[in-house]
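K.L.:
Counting from 1, position 155 in the sequence shown corresponds to residue 167 in this note's numbering; the numbering is continuous, with no gaps. For glycine and all other residues, C-beta sits at the position ideal for the given N, C-alpha and C. In this text the structure is predicted, and so the values were computed from the model without any measurement. Before I ask anything, let me first share the structure, which is written out below as structure tokens.
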Amino acid sequence: MKNNKTKRIYLRPIAPQDAPALFTYRADPKIYKYQTWQPHTMEDVHEFIAHRIVNKPDIPGTWYQQVICKIENDEIIGDCGLHFLKEMPTQVEIGITIKQTYQKRGYARETLELIFTYTFEKLKKHRIIALVDPGNISSIRLLEHMKMRREVYNNRHVGNKSQKSDDITYVISAKEWKQKKNG
Numbered sequence: 013m014k015n016n017k018t019k020r021i022y023l024r025p026i027a028p029q030d031a032p033a034l035f036t037y038r039a040d041p042k043i044y045k046y047q048t049w050q051p052h053t054m055e056d057v058h059e060f061i062a063h064r065i066v067n068k069p070d071i072p073g074t075w076y077q078q079v080i081c082k083i084e085n086d087e088i089i090g091d092c093g094l095h096f097l098k099e100m101p102t103q104v105e106i107g108i109t110i111k112q113t114y115q116k117r118g119y120a121r122e123t124l125e126l127i128f129t130y131t132f133e134k135l136k137k138h139r140i141i142a143l144v145d146p147g148n149i150s151s152i153r154l155l156e157h158m159k160m161r162r163e164v165y166n167n168r169h170v171g172n173k174s175q176k177s178d179d180i181t182y183v184i185s186a187k188e189w190k191q192k193k194n195g
């Protein structure tokens, strides 16, 4: 991903050596509470990296996953993914996870700005969607701050547990993002 950095963070494709860092925060109950994927073992993370994601963007039906690293020390503080939807090739679903100790410090906002710019300006996609658990108030506030709008409330999404859970679909179009950037 070109232009993949801010003053504080940079994004890079996920790699096998990132497994221990991912496991550290992705296995945290405060983190996976609102996630659809929770690793139980280090092997789960290795499986995730090896078989569920690709290191090349814009392949329909795949997730392009990157880690979020601090520029000052290369520490992995989270990860983000772009899901290239097979049935809707002009749309991309996004997901982002930030380590608990780095939440509420603006890192997620910076990451989303990088993702939005890349998706709309480089990949020329029309729309970005994000699914969020209705209980995840911090993520809802973040998406609304980024000018994403609530589109659909779904009560059929299956989360990381064996029960049904609700989610809300938030969206932003390329035109809306351009208007936000231009103030």
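Kindly indicate the opening and closing residues of the alpha helix (DSSP H) around residue 115.
P.N.:
What you label residue 115 is simply residue 103 of the sequence shown in a count that begins at 1. Per DSSP, residue 115 belongs to no alpha helix (DSSP H) and is neither H nor E.
K.L.:
Identify, in the order they occur along the chain, each residue of the same chain with its Cβ nearer than 8 Å to the Cβ of residue 196, setting aside the five sequence neighbours on each side.
P.N.:
For residue 196 there is no data in the structure shown, the boundaries of the chain being 13 and 195.
K.L.:
Alpha carbon to alpha carbon, how far is residue 73 from residue 95?
P.N.:
For this step, residue 73 is matched to residue 61 along the sequence shown. For this step, residue 95 is matched to residue 83 along the sequence shown. Rounded to the nearest angstrom, the two C-alpha atoms are 7 Å apart.
K.L.:
Note the first and the last residue of the continuous alpha helix (DSSP H) segment covering residue 41.
P.N.:
Within the sequence shown, residue 41 is the residue found at index 29, counting from 1. Element bounds for residue 41: 41 to 44.
K.L.:
For residue 85, which option in 164, 155 and 19 has the closest C-alpha, if you only look at C-alpha atoms?
P.N.:
The residue given as residue 85 occupies position 73 in the sequence shown. Comparing Cα-Cα distances from residue 85 to each of 164, 155 and 19, the minimum goes to 19.
K.L.:
In whole angstroms, what separates the C-alpha of residue 25 from that of residue 159?
P.N.:
Your numbering for residue 25 matches position 13 in the sequence shown. Your numbering for residue 159 matches position 147 in the sequence shown. Looking at the two C-alpha atoms, the distance is approximately 26 Å.
K.L.:
Using a threshold of 9 Å, state whether the C-beta atoms of residue 155 and residue 164 are closer than that.
P.N.:
Within the sequence shown, numbered from 1, the residue matching residue 155 stands at position 143. Within the sequence shown, numbered from 1, the residue matching residue 164 stands at position 152. The answer is no: Cβ separation not under 9 Å.
K.L.:
Output yes or no for whether 9 Å exceeds the beta carbon distance between residue 80 and residue 28.
P.N.:
Working through the sequence shown from its first residue, we reach residue 80 at position 68. Working through the sequence shown from its first residue, we reach residue 28 at position 16. No.
K.L.:
Please name the residue in 134, 150 and 107 whose C-alpha comes closest to that of residue 118.
P.N.:
The sequence position of residue 118 within the sequence shown is 106, counting from 1. Ranking 134, 150 and 107 by Cα distance to residue 118 puts 150 first.
K.L.:
Taking only runs of the alpha helix (DSSP H) that begin and end inside the region 69 to 154, which ones reach a length of at least 4 residues, in chain order?
P.N.:
With a minimum length of 4 residues, the continuous alpha helix (DSSP H) runs that stay inside the region 69 to 154 are 119 to 129.
K.L.:
On the criterion of 16 or more Cβ atoms from any shown chain inside 10 Å, does residue 90 qualify as buried, or is it exposed?
P.N.:
Reading the sequence shown from its first residue, position 78 is the one you call residue 90. Residue 90 comes out buried.
K.L.:
Can the beta-carbon of residue 152 be found closer than 9 Å to that of residue 110?
P.N.:
The count along the sequence shown starts at 1 and reaches residue 152 at position 140. The count along the sequence shown starts at 1 and reaches residue 110 at position 98. No, these two residues do not count as a Cβ contact at 9 Å.
K.L.:
Our contact map puts residue 142 next to residue 88 with C-beta atoms below 8 Å; I'd like the distance itself, whole angstroms only.
P.N.:
As a first step, residue 142 is located in the sequence shown; it is residue number 130 there, counting from the start. As a first step, residue 88 is located in the sequence shown; it is residue number 76 there, counting from the start. Their Cβ separation, rounded to whole angstroms, is 21 Å, which puts residue 142 and residue 88 out of contact at 8 Å.
K.L.:
Quick check on residue 37: does DSSP put it in helix, strand or coil?
P.N.:
Position 25 of the sequence shown holds residue 37. Note: residue 37 maps to helix in three-state DSSP.
K.L.:
Shortest alpha-carbon distance to residue 70 belongs to which of 97, 55 and 82?
P.N.:
The sequence position of residue 70 within the sequence shown is 58, counting from 1. The shortest Cα separation from residue 70 among 97, 55 and 82 belongs to 97.
K.L.:
Note the first and the last residue of the continuous beta strand (DSSP E) segment covering residue 179.
P.N.:
Position 167 of the sequence shown, counted from the start, is the residue given in the question as residue 179. Residues 179 to 185.
K.L.:
Rounded to the nearest angstrom, what separates residue 167 and residue 182 at their Cα positions?
P.N.:
Counting from one through the sequence shown, the residue named residue 167 turns up at place 155. Counting from one through the sequence shown, the residue named residue 182 turns up at place 170. If you take the alpha carbons of residue 167 and residue 182, they lie about 14 Å apart.
K.L.:
In angstroms, rounded to a whole number, what distance separates the CA positions of residue 83 and residue 162?
P.N.:
Mapped onto the sequence shown, residue 83 falls at position 71. Mapped onto the sequence shown, residue 162 falls at position 150. Rounded to the nearest angstrom, the two C-alpha atoms are 33 Å apart.
K.L.:
Check whether chain D comes within 9 Å of residue 165, counting only Cβ atoms and requiring the distance to be less than that.
P.N.:
Absent here is chain D; the protein component of the structure consists of one chain.
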